[in-house]
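Following the working numbering, the numbering of the sequence shown begins with 320 at its first residue and continues without gaps.
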Amino acid sequence: MKDTFDLLLNTDFPAIKRAQLQTLQVNLGYLCNQQCLHCHVDASPRRSEIMTAETVTDVLNFLKQQNIKTLDLTGGAPEMNPDFCSLVERARDMGVHVIDRCNLTILLAPGYENMAAFLAKNQVEVIASMPCYLEENVDAQRGKGVFNESIEGLKLLNRYGYGVDEKLQLNLVYNPQGINLPPSQEALESNYKIELQQRFNIVFNHLYTITNMPIKRFGSTLLSKGLFNDYMQLLKSSYDKNNLSGLMCKTTLSVDWLGFTYDCDFNQMLGLSAGLADDNTVKSKRHINDLLQTELDGEPIAIMDHCYGYTAGSGSSCGGALSDN
């Protein structure tokens, strides 16, 4: 796989600093039952990296010590971690709101038939990848047959009350194809709701549009097709400084499967540890156990050229667009 790291290293992206920590986003491992073209994690069924029970306990201790109210679980397929259910239950017992970034097809996989019921029982917010409401586009990104399985996964969640009961939030994620920015989130959400309701009787709460970042599998694809420079030019020419105030890295700390910390999920994939040293270089790796007593508010955030993906057009975060330009 071709690496874009060196091409992103030198940047003129503006310096940014952390605000009060609100969300802990935890990658439970890179193992996944899918292998998607746009995946910045390079997850697949062949990956073996999985967070251990010991590190899961470290995560819970950090949540309690730092009084964090939202736990955002990602992967791979986070549900494939053997301690997923235990982590969810223990976090919920602490009064923490839990988000599961679900690929939908895992809900139908052997051994996970009860996962939808478990998520509903624990009132876990589901953020589900659904890059289009058209079969050909979804299968092109995520593999043949994934669209139909995703539809069945959404129907299953609806049967348990997701998208209907206000306590069971079901939000979908759209990723564009090729070297394109996402369209208007508001308009696209309306189209999704009409199409999925009329064609499949599926309901959901919100649609989040997320810009593809030029790293890992997507970055390698750009390089292979000779499109990397064009895509970076698109991101930079679409820069909107008004999106800086809403950047998720200001209030979110990302944790990898080993327990090391980063300013965002994408920096995690690039190996950029959370924060900057006094000489403005990236700090050495810091484990969550090293940050139990640390006040992160005001710390500088590690940046590279991929950060333009957050501010281009309507902006992008794990919670969708930052504006509706």
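We treat Cβ as the ideally placed atom computed from N, Cα and C, and that holds for glycine.
Taking residue i as the reference, give the member of the options with the closest Cα.
{"i": "K604", "options": "L589, Y558 and L542", "result": "L589"}
{"i": "A372", "options": "M449, S405 and N386", "result": "S405"}
{"i": "Y558", "options": "V574, L641 and F403", "result": "L641"}
{"i": "M532", "options": "Y550, L595 and V601", "result": "Y550"}
{"i": "R365", "options": "A435, E508 and Y349", "result": "Y349"}
{"i": "F519", "options": "L610, I470 and S503", "result": "I470"}
{"i": "P450", "options": "E508, A396, A593 and V417", "result": "E508"}
{"i": "G497", "options": "S543, Y629, I620 and L611", "result": "S543"}
{"i": "D419", "options": "Q385, F403 and D609", "result": "F403"}
{"i": "T580", "options": "T570, L515, L546 and V345", "result": "V345"}
{"i": "R536", "options": "T570, F585 and G578", "result": "F585"}
{"i": "I529", "options": "V522, A447 and R337", "result": "A447"}
{"i": "N400", "options": "M434, L382, D412 and M413", "result": "M434"}
{"i": "K555", "options": "E468, D624 and E454", "result": "D624"}
{"i": "L487", "options": "K560, N499, P502 and V443", "result": "V443"}
{"i": "L337", "options": "D582, F523 and G639", "result": "According to the sequence shown, residue 337 is Arg rather than Leu. Checked all of D582, F523 and G639; the closest Cα to R337 is D582."}
{"i": "Q612", "options": "R411, F381 and N329", "result": "F381"}
Does DSSP put residue i in a helix, a strand or coil?
{"i": "G430", "result": "coil"}
{"i": "C404", "result": "helix"}
{"i": "P364", "result": "coil"}
{"i": "I418", "result": "strand"}
{"i": "L526", "result": "strand"}
{"i": "Q344", "result": "strand"}
{"i": "L487", "result": "coil"}
{"i": "K321", "result": "coil"}
Since residue i and residue j are thought to touch, with beta carbons under 8 angstroms apart, how far apart are those beta carbons, to the nearest angstrom?
{"i": "C626", "j": "M567", "result": "Not quite, the Cβ-Cβ distance comes to about 12 angstroms (not below 8 angstroms), so this is no contact."}
{"i": "L423", "j": "L473", "result": "6 angstroms"}
{"i": "Y527", "j": "V492", "result": "5 angstroms"}
{"i": "Q339", "j": "T630", "result": "Wrong, their Cβ atoms sit about 21 angstroms apart, outside the cutoff."}
{"i": "T323", "j": "I534", "result": "6 angstroms"}
{"i": "I620", "j": "G578", "result": "With a Cβ gap of about 20 angstroms, I620 and G578 do not count as contacting."}
{"i": "M343", "j": "L572", "result": "A small fix is needed here, since residue 343 is Leu in this sequence, not Met. With 8 angstroms as the limit, L343 and L572 qualify as a contact, their Cβ atoms being about 6 angstroms apart."}
{"i": "S633", "j": "Q504", "result": "6 angstroms"}
By how many angstroms is the C-alpha of residue j removed from the C-alpha of residue i?
{"i": "G394", "j": "C351", "result": "7 angstroms"}
{"i": "L390", "j": "G480", "result": "21 angstroms"}
{"i": "S539", "j": "A439", "result": "37 angstroms"}
{"i": "P429", "j": "E398", "result": "12 angstroms"}
{"i": "N490", "j": "R478", "result": "15 angstroms"}
{"i": "F466", "j": "H525", "result": "19 angstroms"}
{"i": "Q341", "j": "L615", "result": "11 angstroms"}
{"i": "G617", "j": "D331", "result": "20 angstroms"}
{"i": "N441", "j": "L475", "result": "16 angstroms"}
{"i": "L327", "j": "L392", "result": "27 angstroms"}
{"i": "V375", "j": "I369", "result": "11 angstroms"}
{"i": "A506", "j": "N386", "result": "36 angstroms"}
{"i": "Q384", "j": "K321", "result": "40 angstroms"}
{"i": "L610", "j": "D575", "result": "14 angstroms"}
{"i": "R409", "j": "H416", "result": "11 angstroms"}
{"i": "M413", "j": "N456", "result": "40 angstroms"}
{"i": "L541", "j": "P502", "result": "20 angstroms"}
Please tell me whether, using a cut-off of 8 angstroms, the distance from the CB of residue i to the nearest non-hydrogen atom of the ligand GTP is below it.
{"i": "F537", "result": "This structure lacks the ligand GTP, and indeed carries no ligand of any kind."}
Requested in this report: For the segment 445–479, list the alpha helix (DSSP H) runs that are entirely contained and at least 4 residues long, ordered along the chain.
Outcome: 454–461 and 465–478
Requested in this report: Enumerate, from N- to C-terminal direction, the unbroken alpha helix (DSSP H) stretches of 4 or more residues contained entirely within the segment 528–565.
Outcome: 535–543 and 547–556
Report task. Ignoring anything shorter than 3 residues or poking outside the segment 606–631, list the beta strand (DSSP E) runs there in chain order. Result -> none
**Report entry** Those runs of the alpha helix (DSSP H) which lie wholly inside the segment 362–396 and span at least 4 residues
**Finding:** 372–385
**Report entry** Length-filtered (4 minimum) alpha helix (DSSP H) runs lying within the segment 497–527
**Finding:** 504–519
Report task. Within the segment 563–596, note down every full alpha helix (DSSP H) run reaching 4 residues or more, in order along the chain. Result -> 584–589
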